[in-house]
Amino acid sequence: MSNKKILLTGGSGGLGRQLTDLLLSKGYTVNVLSRGEGKDKRVQTFKWDVSKGIIDDVCIDGVDTIIHLAGAGIADERWTDERKKVVIESRTKSIELLYDLLKRKLHQVKAVVSASGTGYYSDRGDELLTEENPPANDFLGHCCVLWEQEVDEGKQLGLRVAKFRTGVVLDKHAGALPRLSAPIKFGFGAALGSGKQWIPWIHWQDVAGIYLYGIEQELEGVYNMVAPNPVTNKQLTKHVAQHLRRPLWLPNVPAFALNLALGEMSTLVLGSTKVAADKIEQAGYIFKFNSIDKALTDIYGR
Ligand SMILES: NC(=O)c1ccc[n+]([C@@H]2O[C@H](COP(=O)([O-])OP(=O)(O)OC[C@H]3O[C@@H](n4cnc5c(N)ncnc54)[C@H](OP(=O)(O)O)[C@@H]3O)[C@@H](O)[C@H]2O)c1
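Following this note's numbering from start to finish, the sequence shown increments by one per residue and tops out at 1339.
Written out as structure tokens, the structure is:
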């Protein structure tokens, strides 16, 4: 059991809540930084307002490690110029605000562990992407580069910095899976575009597991946070249909229709990102869910 204290930004989000459960079960104390009132009585919630540069200074007291998950949802709204700014700045200005606090207040923070995304690589066909590959030259790539650069500023403060390029997190109640499974449940499921695009999936328990592993093993640098065996959009759609015991009979949704409906955001569903998990495995992390079948059996209970 640990008596360490963690400060979690974005702790009220889907991954933040799951990670909080795991950290508390392992004996950590958790502080959360949030724009709102905290609902979870097991943690202490402190307020910040990133756009106004306001932060409750006490949030950092006794904290050993910062975990940075805060950020406006990438798939939540259409990518207007204004929205793109919110998506980027909710990730960069937020960690900058925390670093400014560390500069002006005595503290004992030693490490920062941050989310990033496999959007760093974005749409790359069948290429197997390792942490050494360069970023994509589109909005997602640009966003992740700025996010990681700002997190890396922590090194100037003597912090150990770890970044996890997270793939598509599979969770029954949040993110991509409910959006994919809803039409399948109603008998209207279909693969998207060619269906050949690679999905860098990961089960939510491995996401929480890797964050904990990163803290406990004092990992440093950048790691892909994806399961070892990626699947294509068509394979994922078929597997979900099988687990939900629903037929798939419709032809693929044509790419042009998705481009028309989603504009630039269609990259999120049509982009192909085949990502390697070798580095985190070589660092000693053992995946709980390394096949899509195992992950979906756990999620759907059959
Ligand atoms: N889930 C995935 O599939 C996935 C994949 C790749 C990367 N990631 C990254 O992992 C992190 C956590 O993901 P998640 O799914 O848990 O996200 P989430 O459920 O959308 O939660 C993110 C949290 O960020 C805070 N937030 C939202 N808008 C903000 C803003 N404008 N300014 C400051 N804070 C804001 C919110 O906390 P408060 O309301 O309490 O302030 C929110 O609970 C995110 O950075 C996400 O991009 C997730």
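We put the CB at the ideal spot given by N, CA and C, even for glycine.
Say yes only if the C-beta of VAL1188 is nearer than 8 Å to one or more non-hydrogen atoms of ligand 1, and no if none qualify.
Looking up residue 1188 in the sequence shown gives position 151. VAL1188 Cβ: outside cutoff for every heavy atom of ligand 1.
Restricting to runs no shorter than 3 residues, where is the beta strand (DSSP E) found entirely within the region 1178–1207?
1197–1203, 1205–1207
Outcome for PRO1284 when other beta-carbon atoms lying within 10 angstroms are tallied against a minimum of 16
Translated into positions along the sequence shown, residue 1284 becomes position 247. When all chains shown are included, PRO1284 counts as exposed.
State yes or no: is the C-beta of ARG1120 nearer than 8 Å to some heavy atom of ligand 1?
As a working mapping, residue 1120 is identified with position 83 in the sequence shown. No, the Cβ of ARG1120 stays beyond 8 Å of every heavy atom of ligand 1.
Please find out if some non-hydrogen atom of ligand 1 comes closer than 8 Å to the beta-carbon of ALA1211.
As a working note, residue 1211 is residue 174 in the sequence shown. Correct: ALA1211 has its Cβ closer than 8 Å to ligand 1.
Quickly, what does DSSP pair LYS1042 with across the bridge? List them, please.
To locate residue 1042, count along the sequence shown from 1; it is residue 5. THR1066, per the DSSP bridge assignment.
Among PRO1288, VAL1100, ALA1152, nearest to ILE1125 - alpha-carbon criterion:
Residue 1125 sits at position 88 when you count from the first residue of the sequence shown. It is ALA1152 whose Cα lies nearest to the Cα of ILE1125.
May I ask you to check if the CB of GLY1047 is nearer than 8 Å to at least one heavy atom of ligand 1?
In the sequence shown, residue 1047 corresponds to position 10, counting from 1. Yes, the Cβ of GLY1047 comes within 8 Å of a heavy atom of ligand 1.
Measuring CA to CA, which of ILE1111, ASP1118, HIS1144 is closest to ARG1128?
Within the sequence shown, residue 1128 is the residue found at index 91, counting from 1. Residue nearest to ARG1128 within the set ILE1111, ASP1118, HIS1144 is ILE1111 (criterion: CA-CA distance).
Grouping DSSP H, G and I as helix and E and B as strand, with all else coil, what is ILE1336?
The residue you call residue 1336 lines up with position 299 of the sequence shown. DSSP, reduced to helix, strand and coil, places ILE1336 within a helical segment of the structure shown.
Just to confirm the assignment: which complete beta strand (DSSP E) runs, minimum length 3, are found wholly within the region 1209–1247?
1238–1240
Thinking just about the alpha-carbon of each residue, which of ILE1104, ALA1264, THR1082, HIS1105 is nearest to the one in ASP1094?
Counting from 1 along the sequence shown, the entry for residue 1094 is found at position 57. Closest option to ASP1094, Cα to Cα, is THR1082.
Can you give the beta carbon distance from THR1097 to GLU1187, rounded, assuming they're within the 8 Å contact cut?
For the purposes of this step, residue 1097 is taken as residue 60 along the sequence shown, with counting starting at 1. For the purposes of this step, residue 1187 is taken as residue 150 along the sequence shown, with counting starting at 1. Before going further, note that residue 1097 is Ile rather than Thr in the sequence given. The beta-carbon distance between ILE1097 and GLU1187, rounded to whole angstroms, is 18 Å. This is too long to meet the 8 Å contact definition.
When you compare only the Cα positions, how much space is there between ALA1245 and GLU1168?
Mapped onto the sequence shown, residue 1245 falls at position 208. Mapped onto the sequence shown, residue 1168 falls at position 131. C-alpha separation (whole angstroms): 20 Å.
In its own chain, which residues sit with a C-beta less than 7 Å from the C-beta of ALA1341, not counting the 5 before and 5 after it?
This structure gives no information on residue 1341, because the portion of the chain shown stretches from 1038 to 1339.
Measure the CB-CB distance between TYR1337 and LEU1287 and report whether it falls below 9 Å.
Taking the sequence shown and counting its residues from 1, the one referred to as residue 1337 is at position 300. Taking the sequence shown and counting its residues from 1, the one referred to as residue 1287 is at position 250. No, the pair does not count as a contact, with Cβ atoms beyond the cut-off.
Over the uninterrupted beta strand (DSSP E) stretch that includes HIS1105, give me the two end residues.
If you number the sequence shown from 1, residue 1105 lands on position 68. In the DSSP annotation of this structure, the continuous segment of the beta strand (DSSP E) that includes HIS1105 starts and ends at 1102–1105.
So what does DSSP say about ASP982, is it helix, strand or coil?
Outside the shown range of the chain (1038 to 1339) lies residue 982, about which nothing can therefore be said.
CB contact flag (THR1340, ASP1077, <9 Å):
The requested residue 1340 is not part of the displayed model; the chain covers only 1038 to 1339.
Would you say LYS1325 and HIS1210 are within 9 Å of each other, going by their C-beta atoms?
What you label residue 1325 is simply residue 288 of the sequence shown in a count that begins at 1. What you label residue 1210 is simply residue 173 of the sequence shown in a count that begins at 1. Taking 9 Å as the Cβ cut-off, LYS1325 and HIS1210 do not qualify as a contacting pair.
In chain order, what residues of the same chain lie with their CB nearer than 8 Å to the CB of GLU1185, ignoring the 5 residues before and after it?
One-based indexing of the sequence shown puts residue 1185 at position 148. For GLU1185, where only same-chain residues beyond five positions count, the Cβ hits under 8 Å are SER1151, SER1153, TYR1157, LYS1200, VAL1259.
Please return the same chain residues whose Cβ sits closer than 6 Å to the Cβ of VAL1182, not counting the five positions on each side in sequence.
As a working note, residue 1182 is residue 145 in the sequence shown. Correct list, in chain order: PRO1172.
Residue from SER1231, GLU1318, ARG1339 whose Cα sits closest to the Cα of LEU1307
Here residue 1307 refers to the residue found at position 270 of the sequence shown. The shortest C-alpha separation from LEU1307 is found at SER1231.
Report back the beta-carbon spacing between ILE1247 and ILE1323 to the nearest angstrom; my notes put them in contact at under 8 Å.
Locating residue 1247 in the sequence shown gives position 210, where the first residue counts as 1. Locating residue 1323 in the sequence shown gives position 286, where the first residue counts as 1. Taking a contact as a CB-CB distance under 8 Å, the pair ILE1247 and ILE1323 does not count as one, their CB atoms being some 11 Å apart.
Is THR1203 near ligand 1, going by C-beta to nearest heavy atom under 8 Å?
As a first step, residue 1203 must be located in the sequence shown, where it is residue number 166. At least one heavy atom of ligand 1 is nearer than 8 Å to the Cβ of THR1203, so yes.
Give me the Cα-Cα distance between GLU1257 and VAL1198, rounded to the nearest whole angstrom.
Position 220 of the sequence shown holds residue 1257. Position 161 of the sequence shown holds residue 1198. Rounded to whole angstroms, GLU1257 to VAL1198 spans 5 Å at the Cα level.
Give the secondary structure of GLY1258 by DSSP, where H, G and I count as helix, E and B as strand, and everything else as coil.
Your numbering for residue 1258 matches position 221 in the sequence shown. Strand, per DSSP.
Coarse secondary structure for VAL1277, derived from DSSP in three states:
Position 240 of the sequence shown holds residue 1277. Of the three classes helix, strand and coil, the one that applies to VAL1277 here is helix, per DSSP.
For GLY1051, which residues from the same chain have a beta carbon less than 7 Å from its beta carbon, with the 5 sequence-adjacent residues on both sides left out?
Sequence index remark: in the sequence shown, residue 1051 carries index 14 (1-based). So the qualifying residues of the chain are ASP1208, ALA1211, GLY1212.
Any idea which residues DSSP pairs ILE1092 with across the strands?
Counted from its first residue, the sequence shown places residue 1092 at position 55. For ILE1092, which the question treats as bridged, DSSP gives the partners TRP1085.
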